[in-house]
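These notes concern the structure reproduced below.
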Amino acid sequence: DTEVTQTPKHLVMGMTNKKSLKCEQHMGHRAMYWYKQKAKKPPELMFVYSYEKLSINESVPSRFSPECPNSSLLNLHLHALQPEDSALYLCASSLRDSNEKLFFGSGTQLSVL
Amino acid sequence: GNSVTQMEGPVTLSEEAFLTINCTYTATGYPSLFWYVQYPGEGLQLLLKATKADDKGSNKGFEATYRKETTSFHLEKGSVQVSDSAVYFCALSALEGSARQLTFGSGTQLTVLP
């Protein structure tokens, strides 16, 4: 299994809603990442988990809350988002946090109304 | 800090044409270099990589050579296909502070016409 699986594929939410994005991998990778990608732009790093501990937070607003329940799962909890948060949210994993080879999921396309 | 500069797109080619997408980088130390590809509606996939000077990465007919003297990692393919239409990102992995970080270029949209 060489896949990173993200759910849901699409999400529409209002600014007062609470929702969660989910990511799963079964490759034994110990580093997992959340990226945000706007249309026609490169991905921007949001968070890095290494061995289930948050190791990098790129000054992301607190309305985004990551969680790593175990080595295979990564969640991103969303609350009180703004329309400018609409984007493709990509999860990725790698064997270690050295970033030498990332495996990306297909992403969740998020629209905030 | 570290940075990657890619040629501006979009690039439109006819099938079987030769492809070059230029990529240059600025980094401290000894970066690893990558090309990722993103097909419509999907995440990024690693296309090829090179970890030291003069290494050549290759995959699916694409090639790129790590040139330290010119700080470049240009992507080439001798004969493109319609199925190669995608966005291509050059990236480097290098130390940023105390951790290795992946830095992406801005991406180049490639469209191949039949």
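Just so you know, the sequences run in chain order A and B.
Residue numbering for the first sequence follows the working numbering, beginning at 1 and increasing consecutively.
Residue numbering for the second sequence follows the working numbering, beginning at 114 and increasing consecutively.
Glycine included, C-beta positions come from ideal geometry on N, C-alpha and C.
Contact list for residue i against chain A, beta-carbon separation under 7 Å
i: B/F175; result: Under the 7 Å cutoff, chain A gives no residues; its nearest Cβ is about 16 Å from B/F175.
i: B/E155; result: S106
Close beta carbons around residue i, own chain, < 6 Å, minus the five adjacent residues each side
i: A/Y118; result: Because chain A spans 1 through 113 in this model, residue 118 of chain A falls outside it and cannot be assessed.
i: B/K162; result: F147, G170
i: A/T7; result: K22
i: B/Q222; result: G122, P123, V200
i: B/T118; result: T137
i: A/L78; result: K19
i: A/S65; result: H77
Residue i and residue j closer than 8 Å at C-beta
i: B/L205; j: B/P144; result: yes
i: A/H29; j: A/L74; result: no
i: A/P43; j: A/L90; result: yes
i: A/E58; j: A/C68; result: no
i: B/L157; j: B/F186; result: no
Euclidean distance between Cα positions of residue i and residue j
i: B/K264; j: B/G114; result: As displayed, chain B neither begins before 114 nor continues past 227, which places residue 264 of chain B out of reach and without an answer.
i: B/L208; j: B/P227; result: 42 Å
i: A/D85; j: B/G191; result: 40 Å
i: A/E100; j: B/A212; result: 12 Å
i: B/L215; j: A/Q37; result: 14 Å
i: B/E128; j: B/I134; result: 16 Å
i: B/V225; j: A/T16; result: 43 Å
i: B/A177; j: B/F217; result: 16 Å
i: B/G142; j: B/F131; result: 33 Å
i: A/V12; j: A/S111; result: 5 Å
i: A/Q109; j: B/D167; result: 39 Å
i: A/H26; j: A/E3; result: 8 Å
i: B/L160; j: B/V150; result: 6 Å
i: B/G153; j: B/E182; result: Here residue 153 of chain B is Pro; the residue named in the question, Gly, does not match the sequence. Looking at the two C-alpha atoms, the distance is approximately 35 Å.
i: B/G174; j: B/D197; result: 10 Å
i: A/K40; j: B/S219; result: 8 Å
i: B/Q194; j: B/N172; result: 14 Å
Chain-ordered chain A contacts of residue i [CB-CB under 8 Å]
i: B/G220; result: K40, K41, P42
i: B/S185; result: Within chain A, no residue comes near B/S185; the closest Cβ sits about 18 Å away, beyond 8 Å.
i: B/K169; result: Per Cβ cutoff of 8 Å: no residues; B/K169 is ~17 Å from chain A at best.
Within-8 Å CB hit, residue i to chain A
i: B/L223; result: no
i: B/G142; result: no
i: B/L159; result: yes
i: B/A212; result: yes
i: B/T145; result: Correcting the residue identity first, residue 145 of chain B is Ser in this sequence and not Thr. Interface residue, yes.
i: B/K165; result: no
is_contact[residue i, chain B] using C-beta, thresh 8 Å
i: A/G105; result: yes
i: A/L110; result: no
i: A/E3; result: no
i: A/E52; result: no
Residue i: contacting residues in chain B (beta-carbon distance under 9 Å)
i: A/L81; result: Within 9 Å Cβ-Cβ: nothing; A/L81 doesn't reach chain B, min ~21 Å.
Same chain only: Cβ atoms within 7 Å of residue i, ignoring 5 sequence neighbours per side
i: A/S55; result: V48, Y49, D97
Distance cut-off 7 Å: residue i Cβ against heavy atoms of the ligand SAM
i: B/V193; result: Summarising the ligand content, the structure contains no ligands, and the ligand SAM is consequently not present.
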